[in-house]
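Below is one structure, written out as structure tokens, with a few remarks after it.
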Amino acid sequence: MLTSIRTAALRVPKGTVTRTCVRSFGAAKEWIPDVSLDTTLVHGPVKPCEKTGAILTPVYLSTTFVQDSVEEYLAKGYSYSRTNNPTVTMLEEKVAAIENGHGSIAVGTGMSATASCINAFMNAGDHCVITNCSYGGTNRICREQFVPLGMEFSFVDFTDPQNVKDAIQPNTKLIFSESPTNPTLTIADLDAISKIAKEHNLLHVCDSTFATPYIMRPLDHGCDLTIQSLTKYYDGHNVGLGGALIAKTPELYERIKLIQNMHGNIMAPLTAFMILQSMKTMGLRVKEQSKNAMKIATFLEGHPNVTKCVYPGLASHPQKELADRQHRNGLHGGMLWFDVVGGDQAAIKLMDNVKRPWTLCENLGATESIITACAVMTHANMLREDRLKAGITDGFIRISVGIEDADDLIRSLDEALNSL
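So the number in the working numbering is just where the residue sits in the sequence shown, counting from 1, plus 598.
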């Protein structure tokens, strides 16, 4: 039968329109119920094209979409790519499925997702309780954009939920967690903080970029919204910039979708296509990165020239019990940090001199192992006094562990440490 269809297609007279491929491929077959997160990462809601059988969602590089008639405007679901684009929509649906949310928006960067969240749920005169150790860009946008617009922010230590409760004011609208925090790797008890949020009728958002949904899904712990920098572990290859804001309910989703449209803040279709492919291996990468990070952290903790090493998988982590309870399958991610004998200048020397496969640059969560000087890179835009108070010294060494051979990474670090 298949051979006859192919032969018939080859014999179609020139100029004749044929729809053989439409008859050859039907709707996608049904799925077995309750597939694992690993399977969802690969497939999610993606279906083969009913017309062509293409296994991947195509890249729809079109700004606009033809309508059949005025009366049937939007019957196909698309009008203009600032609002919706089929490739981007598929990424948004897949991210929502992985994060266990109702819906998500895919935007240009992780910072775009953060800005969209605050813009969506806060107005002039509103107050937010936010972690005192967040990504430097988050800290800056709160201070330099939203405070001048009349919003208020209390930066507090989220390691004790009571601190969050004590910071709530009559005009508080939002609680903003980050877990694990960038870069100090403190853990927020999301269940406890979500309970506090609900008691006060507040929204609770968590930036879970460091954890990834493979390790922890904030919506499973009572949060209303999740922020992800898709640039990091979702992309995982230092290729695409992107962010996502995931909503737990239809009402919250409608609000963030409106903000995305009004701001014109939608991801480019080609980027969405690339992340749709790279995210399939997130589980494999995160497992390997977690294994490598644990091995490297154990080595660093025992090195005589290392004064402190922090990784949620180490028994010495002050919140190890919470990390084990909140993170799934004993995984704690690929991020860690350490201090060295000799202080800031020695740390800077190490970062300048460490050999490949380590790379000195910004970004994290990629297949390549990255070493970062947070004080002058990721957190340079924090007020210095706030940065130091949060524990981010001038010589703070943050590393993002990749998927290389852990022994090679350790040999390079050992050589750099022994030269101090």
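In this text, a Cβ means the ideal position worked out from N, Cα and C, and glycines have one as well. Keep in mind it's a predicted model, so treat the numbers as computed, not measured.
Host beta strand (DSSP E) of residue i (start-end)
i	result
C726	H725 to T729
V705	G701 to V705
Q826	L823 to S827
L783	Per DSSP, L783 belongs to no beta strand (DSSP E) and is neither H nor E.
G841	G841 to A845
Proximity of residue i and residue j at Cβ, strictly below 8 Å
i	j	result
V884	Y831	yes
D992	D942	yes
N761	E966	no
A870	L689	yes
D937	K893	no
P816	T824	yes
G881	D632	no
T771	L747	In the sequence as presented, Thr is not what sits at residue 771; that position holds Lys. No, the pair does not count as a contact, with Cβ atoms beyond the cut-off.
N903	L1011	no
H925	M814	yes
N863	V727	no
Y909	L934	yes
S775	F753	no
T879	G834	yes
R738	M980	yes
N951	S998	no
T810	S827	no
K692	P643	yes
G838	I873	yes
C731	A988	yes
G699	K846	yes
I794	P759	yes
A652	T729	no
Minimum C-alpha distance to residue i - residue among the options
i	options	result
D805	D992, P781 and I864	P781
L659	I653, V686, D666 and I997	V686
N717	I854, C647, K793 and P768	I854
T712	D787, A809, I844 and I766	I844
R996	G701, S702, E742 and L783	L783
T896	G735, G699, T662 and D1005	D1005
H725	N698, Q767, N737 and P759	Q767
I857	S714, P811, R680 and E697	S714
G820	M720, I773 and E919	I773
I969	A795, R954 and K649	R954
A861	P848, I1008 and R680	For clarity, residue 861 is His in the given sequence; the question names Ala instead. Selected option, being the one with the closest Cα: R680.
H977	E919, E797 and T779	T779
N721	F663, V745, I791 and T729	V745
Residue i - DSSP class collapsed to helix/strand/coil
i	result
I678	The residue you asked about is not Ile; residue 678 is Tyr in the sequence shown. DSSP places Y678 in strand when its eight states are reduced to three.
L962	coil
F936	strand
L1018	coil
D1006	helix
I995	strand
T957	strand
I603	With a pLDDT of only 36 at I603, under the threshold of 50, the placement of this residue in the model should not be trusted, and no figure is reported.
T650	coil
T655	coil
T976	coil
T662	strand
F623	Only weak support exists for where F623 lies, its pLDDT of 42 falling under 50; the coordinates are left without a value.
M709	helix
G748	coil
D1012	helix
Residue i - containing alpha helix (DSSP H), residue span
i	result
T869	P867 to S876
T970	Per DSSP, T970 belongs to no alpha helix (DSSP H); it is in the beta strand (DSSP E), I968 to A971.
F897	M880 to E899
G734	G734 to I739
K771	Not the alpha helix (DSSP H): K771 falls in the beta strand (DSSP E), residues T770 to E776.
L788	L788 to E797
A673	It is not in any alpha helix (DSSP H) - A673 carries neither H nor E in the DSSP assignment.
H861	P848 to H861
K830	Segment: none, K830 is in no alpha helix (DSSP H) and carries neither H nor E.
L817	Taken as a continuous stretch (DSSP letters only), L817 belongs to no alpha helix (DSSP H), as it is neither H nor E.
T638	L635 to V640
E691	P684 to E697
K759	For the sequence presented, residue 759 should be read as Pro rather than Lys. Run containing P759: P759 to A765, per the alpha helix (DSSP H) assignment.
K947	G941 to N951
A921	K918 to Q924
beta-carbon residue i near the ligand FAD non-hydrogen atom, thresh 7 Å
i	result
M860	With respect to small molecules bound, the structure shown includes none, and the ligand FAD cannot be examined in it.
DSSP beta-bridge partners of residue i
i	result
C715	BP columns for C715 are empty, so no partner.
T905	In DSSP, T905 forms no bridge with anything.
R982	Answer is none; R982 lacks a bridge partner.
H802	I773
V754	T729
Interface flag, residue i vs chain D, CB-CB below 8 Å
i	result
S998	Any reference to chain D falls outside this structure, which holds one protein chain only.
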